[in-house]
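Under my numbering, the first residue of the sequence shown carries the number 345, and numbering increases by one thereafter. The block underneath contains the structure these notes are about, expressed in structure tokens.
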Amino acid sequence: MAPSAPEVSPPIPGNSTSSTAKTPIPESEIRDERLVIDVIDEIAAQHPDRVWASLPVDDTNFGTGFHDVTYRALANAIDTAAFWLDSVFRDDVDDNDKGLFAYYGDRDFRQPILAAAAAKTGRQYQFISPFSAESAKLGLINHTGCNVWIHSETGRELAQSLAKSRPGLRVIECPTQAELLQSRPERQYQSRITWEEWKDKVWVIFHTTGSSGNPKPVPWTHKAFRSTDRLLRFPDFAESKVELFRNKRFFQPLACVHGLGLIVILDIVPAMNAPMVIGPRHRLPTMDDIRLIFEHGRLDGMLCTPVFIKEIAEEEDLLPKLRALDFVYYAGAKADRVWGDLLCEHTSVGPIFGTTEMGHVPLRDIPGPDWHWYSFYDWEGLAFEEVKPGLYEMIVNRLPPGSKNTWQHAFSSFPHLSQYRTRDLWIRHPERPDLYAYHGRSDDFVMLTCGDGVDAPYIQSKLEAACPAIKLAMVGGHGEDHPWLLIELRESILRGGGSGDLGWVLQFMAVLEELNSTLPYITRISPKRIIIAAPDRPLVRTVKQALDRNKTMELYEKEIEALDKLVA
């Protein structure tokens, strides 16, 4: 049994509703030329009891409250992990392992702790998503030449399997989260790196989701990771969504299993004094968990996937709790207008935007009914090029050298480019040309053999909005004569008889007929080319809950092939 945690605060009383203390961040703490590890050590020295994050006391019973992790506990954990890494690498960062290691583990704080320890010891940390396939994980470490695989206690089986597939791969189990957070090293670990020497060196290697192919590694430098301190200096940054995080305690259920979560918890959280509350380690939180998180977590805000927020908003007793928050932000996919409209008059609601290649892209806060539109800053160098009628591709143009207040992470990822084409497609606000809404990826367009393109995101969004029975829709048919449609039904329809319930079928066919009437003949969806997803084979989603087209097509390969034998 783990010993008691001396550096973690006691559980928060369940009836407490007070917010994080509104302690302003002193101007002296806002400096951009600092490494993440320096920021953490400075806060730990000056404000050791300041809260960094909060985790459930008991993963199986959120009614027992939460433990607040202080910056002193975090700094101690990082130092302990740094000493441990030295023992793993035998105190030699220039050996065959190149100081590079990958980590695969639970939804807990070992991800940011090990990443920070890698920085402190002058090593590189390769992020591995738990949602990628084993073959993808193997491909990623092969691509980077990583020879050290560190895992949590739940990752032993995968580690052994990878070791068999990759001769020479060292697999090592890391200390538990409790051991790290409860540690008190005899001395502080003296960092091996400085800002000037290491700012442009690679620290973290993220990877793309692989939704449009195999995941690809994307290296991030120390300078690229440090953004919020610098953005605080920009004169119009006070209008941004990130400003609303200042001194606010917020919930983020996927904080430690994707790149955005790692950036938020190691950059935005310290810079904005915004403690992050996380959920259970081994699963997504249920609605009962959410009720207890609201009751015991002392939340001021929330940052989740839109699907998750939608599920919360549909609970009658939880909607008022969402409305009472200072902000409800989402990332990773488009949001359902219904739940956003229910919230926008009561709280700040809207998207947070960023990509692995572009990093965090700050947005202005848009209050009221335009909450789902994006307002970008001039200093991001963004342009929107019309590629189809009414559709614009986002392009990043490198700003001239010497430009003041620039934020262009894309050219940290691609230093040889003067222009980066994102392949993200947007629509422009009909009345406010400075606002854009995300539409989809250019590779989401389905090109038929005749050369015509099918606007899959448009058809999918129309069907999902007009048919309550449809949970998710996917249009395909790339390289074929005619498009096809794959739909996933909501659980309520499946419980009520599924496809035997003629009510939803009649409504769906009426919507499809009306939608087809607006499309060119060759791109219309034939009723003969529709597949209903099996209950035990839902459409595949990425970690951000966006549709994963490639993996979904693999899952329904036989059914899709069978459509080719039918006459459209």
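Ideal placement from N, C-alpha and C gives every residue a C-beta, glycine not left out.
With 16 other Cβ atoms within 10 Å as the buried cut-off, status of residue i
i: Met-631; result: exposed
i: Ala-397; result: buried
i: His-626; result: exposed
i: Asp-435; result: Confidence in Asp-435 is poor, its pLDDT being 49 and thus under 50, which makes the residue's placement unreliable; the coordinate value appears in the next sentence. Counting Cβ neighbours within 10 Å, Asp-435 comes out exposed, since fewer than 16 surround it.
i: Gly-489; result: exposed
i: Val-562; result: buried
i: Gln-596; result: buried
i: Met-345; result: Because the pLDDT of Met-345 is 36, which lies under 50, any placement of that residue in the model is unreliable, and the question is left without a value.
i: Pro-400; result: buried
i: Met-818; result: buried
i: Gln-468; result: buried
i: Arg-881; result: exposed
i: Glu-371; result: With a pLDDT of 46 at Glu-371, under the threshold of 50, the modelled position of that residue is not reliable, and the figure given next carries that caveat. Its Cβ having fewer than 16 others within 10 Å, Glu-371 is exposed.
i: Lys-872; result: exposed
i: Thr-572; result: buried
i: Thr-862; result: exposed
i: Ser-509; result: exposed
i: Thr-367; result: The predicted model places Thr-367 with a pLDDT of 43, which falls under 50 and marks its position as unreliable; any figure quoted below should be read in that light. Thr-367 should be labelled exposed.
i: Ala-813; result: buried
Opposing strand residues paired with residue i [DSSP bridges]
i: Asn-741; result: Gln-763
i: Trp-493; result: Ala-446 and Val-515
i: Ser-779; result: Looking at the sequence itself, residue 779 is Leu, so the reference to Ser does not match. DSSP lists Ser-719 as partners of Leu-779.
i: Pro-695; result: Tyr-674
i: Trp-770; result: Tyr-736 and Tyr-782
i: Cys-918; result: Because residue 918 is not part of the residues shown, which for the chain are 345 to 912, the question remains open.
i: Leu-915; result: Nothing about residue 915 can be reported from this structure: the residues present for the chain run from 345 to 912 only.
i: Leu-891; result: Arg-885
i: Pro-713; result: Answer by DSSP bridge pairing: none, since Pro-713 is not bridged.
i: Ala-657; result: Answer is none; Ala-657 lacks a bridge partner.
Whole-number beta carbon distance between residue j and residue i, since they are thought to touch under 8 Å
i: Ile-866; j: Leu-829; result: With a Cβ gap of about 15 Å, Ile-866 and Leu-829 do not count as contacting.
i: Thr-424; j: Leu-524; result: 6 Å
i: Ile-831; j: Ala-877; result: 7 Å
i: Leu-807; j: Val-855; result: 7 Å
i: Val-621; j: Arg-593; result: 6 Å
i: Tyr-447; j: Ile-381; result: Tyr-447 to Ile-381, Cβ: 17 Å. No contact.
i: His-566; j: Ala-463; result: 7 Å
i: Ala-618; j: Arg-590; result: 7 Å
i: Met-738; j: Asp-709; result: 20 Å between Cβ atoms; not a contact.
Unbroken beta strand (DSSP E) run spanning residue i, endpoints
i: Ile-866; result: Careful: Ile-866 lies outside any beta strand (DSSP E) and carries neither H nor E.
i: Gln-470; result: 468-471
i: Ser-747; result: Neither: Ser-747 is in no beta strand (DSSP E) and is coded neither H nor E.
i: Phe-550; result: 546-551
i: Glu-523; result: Careful: Glu-523 lies outside any beta strand (DSSP E), inside the alpha helix (DSSP H) at 521-525.
i: Leu-829; result: 828-833
i: Gly-820; result: 814-820
i: Thr-565; result: 561-565
Residue range of the alpha helix (DSSP H) that includes residue i
i: Ser-757; result: 754-757
i: Leu-850; result: 846-860
i: Lys-806; result: 800-810
i: Met-631; result: 631-640
i: Val-395; result: Run containing Val-395: none in the alpha helix (DSSP H); it sits in the beta strand (DSSP E), 395-400.
i: Leu-575; result: 572-575
i: His-411; result: Here His-411 belongs to no alpha helix (DSSP H); instead the beta strand (DSSP E) covers 410-414.
i: Met-616; result: 613-616
i: Gly-823; result: Here Gly-823 belongs to no alpha helix (DSSP H), and DSSP marks it neither H nor E.
Residue of the options minimising C-alpha distance to residue i
i: Pro-777; options: Phe-720, Val-731 and Ile-739; result: Phe-720
i: Leu-907; options: Asp-709, Ser-870, Ile-634 and Glu-377; result: Ser-870
i: Asn-420; options: Leu-506, Gln-521 and Glu-903; result: Gln-521
i: Ser-747; options: Glu-737, Ala-727, Met-738 and Trp-723; result: Trp-723
i: Thr-766; options: Glu-639, Thr-750 and His-783; result: His-783
i: Leu-647; options: Val-672, Thr-404 and Arg-574; result: Val-672
i: Met-702; options: Gln-763, Leu-883, Ala-507 and Tyr-900; result: Gln-763
i: Pro-624; options: Thr-896, His-411 and Ser-861; result: His-411
i: Gly-499; options: His-487, Ile-516 and Ser-509; result: Ile-516
i: Arg-577; options: Arg-772, Ile-609 and Ala-615; result: Ala-615
i: Leu-859; options: Phe-638, Ala-810 and Lys-508; result: Ala-810
i: Ile-803; options: Arg-574, Trp-715, Leu-643 and Pro-864; result: Pro-864
i: Leu-444; options: Ile-472, Leu-502 and Leu-418; result: Ile-472
i: Lys-678; options: Val-413, Leu-598, Asp-385 and Phe-652; result: Phe-652
i: Ala-568; options: Arg-378, Ser-692, Ala-480 and Ser-535; result: Arg-378
i: Glu-530; options: Ala-426, Ser-756, Ile-771 and His-773; result: Ala-426
Residue i CB to nearest heavy atom of the ligand COA below 6 Å
i: Gln-763; result: Looking at this structure, you won't find the ligand COA or any other ligand, since it has none at all.
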